[in-house]
Structures are given as C-alpha cells and as structure tokens.
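Written out below as structure tokens is the structure these notes cover.
Residue numbers (the working numbering): 1 to 96.
This is the structure in structure tokens:
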C-alpha cells in the first residue's frame with residue numbers, strides 16, 4: 001500500500017472529525033445560550049410572582065464558602081446537584 005494514500009486517508013479522517021466536533025460544539029453553545037435565557041425568564045417570573053426558589057440543601061457548599069474555598073464550593077455544588085459548571089458558578093455566586 002502506498003504510504004502517501006495512507007497519510008491522505010488519515011488527514012481526511014482528522015479533518016472530518018474536527019469539522020464534526022466543531023459543529024456539535026456550536027450546537028451545544030447555542031443550546032446553552034437558549035437555556036440561560038429561559039432560566040433568566042423563569043427567574044424573572046418567579047420574582048414577579050413572589051415565588052421563592054429554594055436552593056437544595058448545601059451545607060458542604062456553604063461551609064466551603066465560609067472558608068473562602070470558592071472553587072471547591074463550586075465543585076461540591078456540581079457533585080450534589082449535577083449542575084454544569086456555569087450553572088454551579090452562578091448558584092454559588094448567589095450564595096455569597
């Protein structure tokens with residue numbers, strides 16, 4: 001087998017994989033933005049109606065915040081709630 005053809009096949013495969021993951025990343029980013037907008041709207045509706053949104057019991061998170069360990073608090077929030085990084089960061093910011 002010709003090594004040039006093999007190299008060409010590998011290059012084509014890498015390009016196809018890179019393009020596919022790039023498109024997926026763009027779609028996920030778009031979905032994340034839409035989800036953030038929906039969450040902001042729901043927060044505004046809850047505020048307008050006077051509905052208190054209770055955060056889950058997060059004793060470990062608040063203890064870490066009191067110790068000044070914000071990054072560990074975000075990690076603990078993610079582990080206990082299954083939230084994504086941005087959502088956990090925002091939630092921990094609200095607790096500060």
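Note that CB positions come from ideal geometry on N, CA and C, so glycine has one too.
The model shown is predicted, which means the values in this text are computed figures rather than measured ones.
Inter-segment contact for the region 49–65 and the region 73–82 is present: three or more beta-carbon pairs are separated by less than 8 Å. Residues of the same chain with a CB within less than 7 Å of the CB of residue 83, apart from the 5 flanking positions on each side, are 77, 91 in chain order.
With a 10 Å radius around the Cβ and a threshold of 16 neighbouring Cβ atoms, residue 35 comes out exposed. When DSSP states are grouped into helix, strand and coil, residue 10 belongs to the helix group. Residue 64 counts as buried, since no fewer than 16 other beta carbons sit within 10 angstroms of its beta carbon. By the neighbour-count criterion, in which a residue is buried when 16 or more other Cβ atoms sit within 10 angstroms of its Cβ, residue 44 is exposed. The residue from 69, 51, 32, 95 with its alpha-carbon nearest to that of residue 86 is 32. Non-local C-beta neighbours of residue 53 in its own chain, meaning closer than 8 Å and more than five positions away in sequence, comprise 43, 46, ordered along the chain.
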